[in-house]
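In short: position in the sequence shown from 1, add 43, done, that's this note's numbering. Report on the structure given below.
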Amino acid sequence: MEQVTTETEVDYTHFRKTGWFYDWCWIGLRYNSSNINKTWEWVNGNPTTYSHWAQPPTGVGCGVFSYYYGWYIYDCSSLFMTVCQAPFPVTGLTADSVENNGVSLSWSSPSQLDEVPHYFIITYSNSNSDDEGAASTADNSTVFSNLRPGREYVFKVCTKENNTFLQSQPTSASVYIIPSPPGEINIGSVGTVSVSLSWGNPVDMEGVQYNFIVSCYGSFWGDQHSIIMTSNSTVITNLGQGCNYTLNITTAQPNGHKSLSASTFFYTNPVPPGLIKIVSVGNDSVSLSWGRPSATMQFSYSYNITYASSFWDQQDSSIATSESTVISNLRPGSEYVFNVTTVQVNGAQSTPTSISLYTSPSPPEGIRVDFVETNSVSLSWGKPVYMDEINHSFAITYSCSFWLYKNSTTVTSNSVVLSYLRPGSEYIFNVTTVQYSGAQSTSASISQYTNPTPPGEISVDFVGNDSVSLSWGIPDSMGKVPYSFNITYSSSFWNLQNSTPASSYSTVISNLRPGSEYTFNVTTVQRNGGRSTPVSTTLYTVPPPPGKIRIDSVESNSVSLSWGSPVGMDGLQYSFSITYSSSFWGHNGSTTAPSNSTVISNLRLGSEYVFSVTTVNKGGQSTPSITSVYTKLAPPGEIRVDSVGNDSVSLSWGSPVGMDGLQYSFNITYSSSFWGHNGSTNAPSNSTVISNLRPGSEYVFNITTVQASGGWSTPASISLYTNPAPPGEITLDSAETNFVSLSWATPVGMDAIPHSFIITYFSSFWDHHSSTTAPSNSITISDLRAGSEYIFNVTTVQGNGGQSTPASVSLFTKPNEKRLYLKFVCSSTERSVCEKEKQKVQQETEARLAKQLKGLYWKLNWKEKEVKECSDEPEGDV
Numbered sequence: 044m045e046q047v048t049t050e051t052e053v054d055y056t057h058f059r060k061t062g063w064f065y066d067w068c069w070i071g072l073r074y075n076s077s078n079i080n081k082t083w084e085w086v087n088g089n090p091t092t093y094s095h096w097a098q099p100p101t102g103v104g105c106g107v108f109s110y111y112y113g114w115y116i117y118d119c120s121s122l123f124m125t126v127c128q129a130p131f132p133v134t135g136l137t138a139d140s141v142e143n144n145g146v147s148l149s150w151s152s153p154s155q156l157d158e159v160p161h162y163f164i165i166t167y168s169n170s171n172s173d174d175e176g177a178a179s180t181a182d183n184s185t186v187f188s189n190l191r192p193g194r195e196y197v198f199k200v201c202t203k204e205n206n207t208f209l210q211s212q213p214t215s216a217s218v219y220i221i222p223s224p225p226g227e228i229n230i231g232s233v234g235t236v237s238v239s240l241s242w243g244n245p246v247d248m249e250g251v252q253y254n255f256i257v258s259c260y261g262s263f264w265g266d267q268h269s270i271i272m273t274s275n276s277t278v279i280t281n282l283g284q285g286c287n288y289t290l291n292i293t294t295a296q297p298n299g300h301k302s303l304s305a306s307t308f309f310y311t312n313p314v315p316p317g318l319i320k321i322v323s324v325g326n327d328s329v330s331l332s333w334g335r336p337s338a339t340m341q342f343s344y345s346y347n348i349t350y351a352s353s354f355w356d357q358q359d360s361s362i363a364t365s366e367s368t369v370i371s372n373l374r375p376g377s378e379y380v381f382n383v384t385t386v387q388v389n390g391a392q393s394t395p396t397s398i399s400l401y402t403s404p405s406p407p408e409g410i411r412v413d414f415v416e417t418n419s420v421s422l423s424w425g426k427p428v429y430m431d432e433i434n435h436s437f438a439i440t441y442s443c444s445f446w447l448y449k450n451s452t453t454v455t456s457n458s459v460v461l462s463y464l465r466p467g468s469e470y471i472f473n474v475t476t477v478q479y480s481g482a483q484s485t486s487a488s489i490s491q492y493t494n495p496t497p498p499g500e501i502s503v504d505f506v507g508n509d510s511v512s513l514s515w516g517i518p519d520s521m522g523k524v525p526y527s528f529n530i531t532y533s534s535s536f537w538n539l540q541n542s543t544p545a546s547s548y549s550t551v552i553s554n555l556r557p558g559s560e561y562t563f564n565v566t567t568v569q570r571n572g573g574r575s576t577p578v579s580t581t582l583y584t585v586p587p588p589p590g591k592i593r594i595d596s597v598e599s600n601s602v603s604l605s606w607g608s609p610v611g612m613d614g615l616q617y618s619f620s621i622t623y624s625s626s627f628w629g630h631n632g633s634t635t636a637p638s639n640s641t642v643i644s645n646l647r648l649g650s651e652y653v654f655s656v657t658t659v660n661k662g663g664q665s666t667p668s669i670t671s672v673y674t675k676l677a678p679p680g681e682i683r684v685d686s687v688g689n690d691s692v693s694l695s696w697g698s699p700v701g702m703d704g705l706q707y708s709f710n711i712t713y714s715s716s717f718w719g720h721n722g723s724t725n726a727p728s729n730s731t732v733i734s735n736l737r738p739g740s741e742y743v744f745n746i747t748t749v750q751a752s753g754g755w756s757t758p759a760s761i762s763l764y765t766n767p768a769p770p771g772e773i774t775l776d777s778a779e780t781n782f783v784s785l786s787w788a789t790p791v792g793m794d795a796i797p798h799s800f801i802i803t804y805f806s807s808f809w810d811h812h813s814s815t816t817a818p819s820n821s822i823t824i825s826d827l828r829a830g831s832e833y834i835f836n837v838t839t840v841q842g843n844g845g846q847s848t849p850a851s852v853s854l855f856t857k858p859n860e861k862r863l864y865l866k867f868v869c870s871s872t873e874r875s876v877c878e879k880e881k882q883k884v885q886q887e888t889e890a891r892l893a894k895q896l897k898g899l900y901w902k903l904n905w906k907e908k909e910v911k912e913c914s915d916e917p918e919g920d921v
């Protein structure tokens, strides 16, 4: 303990809190009998100025301590533990390393505890009272992390014994945690002699005073700048142009502690080039030059040339190592802004030197002569390249050297018609692109002769299938100039073109395609090769007639026709006109068909019609192809099946439509493909019965309307099955109490037809009914009731669902004998009376049994016997 005496209540409380006790212990308190006052005192001789007796002391002895009660008097020879001295404290507490969020500590153990098991308790807190903690270790060093930067911490180390848990006085050390470095540095803007920058706050330094030391060092010039800042941004000026600078920023506290530095580097911008000069301008390129930068540069440099046209949203760049360049692939007639910047090898660029200029417009593309007349020429040309969205016009100059003629005009579009020219003369035409600013492109040129006067109007004298005859008028204003004519003719469909000359004013052209469109052009031709514009006419040759007509089908009110294609008309568009008439009814009509067939409807029954078919196209109508045919009768109405047996059917049908008042009958044919069985019959009315058919077989019936003249309608048809034949007589092969075996003969006429049998059976007494199937002519039926009457029905069944009438039989199963004994005693000794009573009882009993046991096998036997007294026991079997 720290003291050997307890002078106050505070000392006593401290003693109880810091000591470690086991039951009773001596506390160094004794009774001093040699003292005059005969008082208690401490072993060091100090008197007791304070006491904490559990009971008032009433004798001699030594003082002992109880943790729970206080002080007691015991015999001094008693064996108790004593209050021991506390462990020795550590020495040499040192901070080995300090970071901005941690510290490493070490110390020396007390030599007195070399043989005593012990460990160390370390506590810490900072001056701002915002962080404290504790740890323990058996080693002579420890590391604390996650401390708060820029704050002073006090660390205390105590020795503690393992066995007694006594703890030494603490050894203390103060350590200042270095502040956090500034946050990331951001370079805001860089000029040729200045830089703007900002940085983040140091981490976890809230509530702590600090500022920043900003230093900037240029390695090439050896210049250095250093400032102290309280804010997070600054502008550094008076730097060298195009130089590399290293920037360091440190957190500094008023007590002199500094953080690690946040660092970065940057280059100041180089000096821009001199004034830009325009060397030359083309429609897709420019040549530029510029002066050198005005100041001496730190590094070697080149130039970056960027150029853009806001109109085209075009932007690009180029590199030059000297003070000139040629920029190509520009848009003609467009404004461009060119920027030239000085670029150092480190990538730093100066502010740009700029110039704005227009490229020259591009010339027109490919002048074409669109048409030439006797006194006019129509020209057109391609749009100047990349000039679509740039305002421009065109200047046209034209001249004729023979007539010493020269003229000009201006247009805004890509074509022009120049009139009032001399016929048959050569002209030279020049077209130039002109911008509103006055800039002009190079010229595009072409020469052309005007045409001679064309012939007069063409007349068509004759048109056939394969030839035409044409004539035309004399050309106007040709005087005595020699000329002839050239006739060209073509059919665009056949991709056919040909020509022929003519020295007079008419011609006949042969070997043409029939039904085809031809264009004929007649041109005046001069000896020097000059040709007039043509006079033209277009006409069709006459189409050929269709091929032979075929009758494809004839109905009661319609006829289906087809015919051959017209010769030589393959691939041409044409149609057909069809007319028809019946002289008997005075009935006629017409229709058109796009192809080589048609169906003519709404005709009269049984009438002769004449049909005429002609080819039709823009050339007119051909000569007709003709044929005649009679229409058919109307067919019977829908067939109805009135009844079906196994060897016969009864049919009826509706009357033919539109045949009222006409004499007709009906022909009925029928056939079975399975049996190869067919036949026919006639009926004067709308119904018939067909007999002698095969059972269970599919038959097709066709009914046709017939006239006495031999006309037939199309048939009305129906398909149906005859019913299968019923099974033969049923035979009981055997009967037992709960089953019977049956067999039956094969249905007549069903030997080759697949079939099976359905057997149904029921007992009215037991209300027992069921069914089963059999593929052959016999079956055994089980689970029947003994002595009961059953009715069995056997039906022939086909796969199509057809069923025959059933064959039936009624029979009893073999009974199990059950005997019922009834005793009757007459009420009288008179025989006549007894006989009447017997008959009455017998009738009532039989009636009741017949009602109750209907469907069961039973019989009633009587046995008479005279008895003198009654007995309930049976007297034997009846």
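Where a beta carbon is used, it is the ideal one built from N, C-alpha and C, also for glycine. Just so it is clear, the structure is predicted and the values come from calculations on it, not from any experiment.
Proximity to valine 692 [Cα-Cα], best of Pro495, Ile711, Ile410: Ile711
Burial state of valine 551, where buried means 16 or more other Cβ atoms lie within 10 Å: exposed
Alanine 893 in three-state terms, based on DSSP: helix
Helix, strand or coil at methionine 44 [DSSP, three-state]: With a pLDDT of 39 at methionine 44, under the threshold of 50, the modelled position of that residue is not reliable, and no figure is offered here.
Short Cβ contact (7 Å threshold) for alanine 482 with serine 421: no
Uninterrupted beta strand (DSSP E) stretches inside the region 250-318 (no shorter than 3 residues): 254-261, 267-272, 276-279, 287-295, 301-310
Any beta strand (DSSP E) of 3 or more consecutive residues that is wholly inside the region 777-821: 783-787, 799-806, 811-817
Between the CA atoms of phenylalanine 58 and methionine 44 - distance to the nearest angstrom: Per-residue confidence for methionine 44 stands at a pLDDT of 39, beneath the threshold of 50, marking its modelled position as unreliable; no derived number is given.
Residues sharing a beta bridge with lysine 449, DSSP: Ser442
Member of Lys426, Pro466, Ser484, Val506 whose CA lies at the smallest distance from the CA of proline 497: Pro466
Check whether proline 304 and asparagine 291 have beta carbons under 7 Å apart: Correcting the residue identity first, residue 304 is serine in this sequence and not proline. It is a contact, given that the beta carbons lie within the stated cut-off.
Environment of isoleucine 556 [buried if 16+ CB atoms lie within 10 Å]: Note that residue 556 corresponds to arginine in the displayed sequence, not to isoleucine. It counts as buried.
Whole-number beta carbon distance between serine 715 and glutamate 741, since they are thought to touch under 8 Å: 6 Å
Helix, strand or coil at glutamate 880 according to DSSP, with G and I counted as helix: helix
Proximity winner among Gly193, Ser546, Tyr162, relative to threonine 185 (alpha-carbon distances): Tyr162
Proximity of isoleucine 471 and serine 502 at Cβ, strictly below 7 Å: no
C-beta contact flag for valine 218 and valine 133 at 7 Å: no
Continuous beta strand (DSSP E) stretch holding cysteine 119: start and end: Per DSSP, cysteine 119 belongs to no beta strand (DSSP E) and is neither H nor E.
Short Cβ contact (7 Å threshold) for valine 474 with isoleucine 410: yes
Whole-Å CB distance - threonine 101 paired with proline 90, under 8 Å assumed: That pair is no contact at about 19 Å.
Classification of glutamate 779 by the beta-carbon crowding that lies within 10 angstroms, buried from 16 upward: exposed
Close beta carbons around leucine 156, own chain, < 8 Å, minus the five adjacent residues each side: Pro130, Phe131, Thr202, Glu204
Where serine 468 falls: helix, strand or coil (DSSP): coil
Supposed contact pair glycine 193 and proline 222 - C-beta distance, whole angstroms, cut 8 Å: 4 Å
Own chain residues within Cβ distance below 8 Å of threonine 396, not counting five before or after: Pro315, Pro316, Gly317, Leu318, Ile319, Trp333, Asn382, Val383, Thr384
Burial state of valine 876, where buried means 16 or more other Cβ atoms lie within 10 Å: exposed
Rounded C-alpha distance that separates proline 667 from proline 637: 16 Å
Aspartate 359 - partner residues in DSSP beta bridges: Tyr350
Same chain, Cβ closer than 7 Å to serine 436, neighbours up to 5 away in sequence not counted: Thr453, Val454, Thr455, Val477
Segments of 3+ residues assigned as beta strand (DSSP E) that fall wholly inside the region 147-214: 161-169, 175-180, 184-187, 195-204
For proline 544, the first and last residue of its enclosing beta strand (DSSP E): 539-545
Serine 875 in three-state terms, based on DSSP: helix
Cutoff 8 Å; reference isoleucine 517; Cβ partners in own chain excluding five residues on either side: Pro498, Gly499, Tyr548
Pair within 7 Å by beta-carbon distance, serine 756 and leucine 676: yes
Contact set for serine 871: own chain, Cβ-Cβ below 7 Å, skip 5 residues either direction: Cys877
At least three beta-carbon pairs within less than 8 Å, the region 816-836 to the region 780-789: yes
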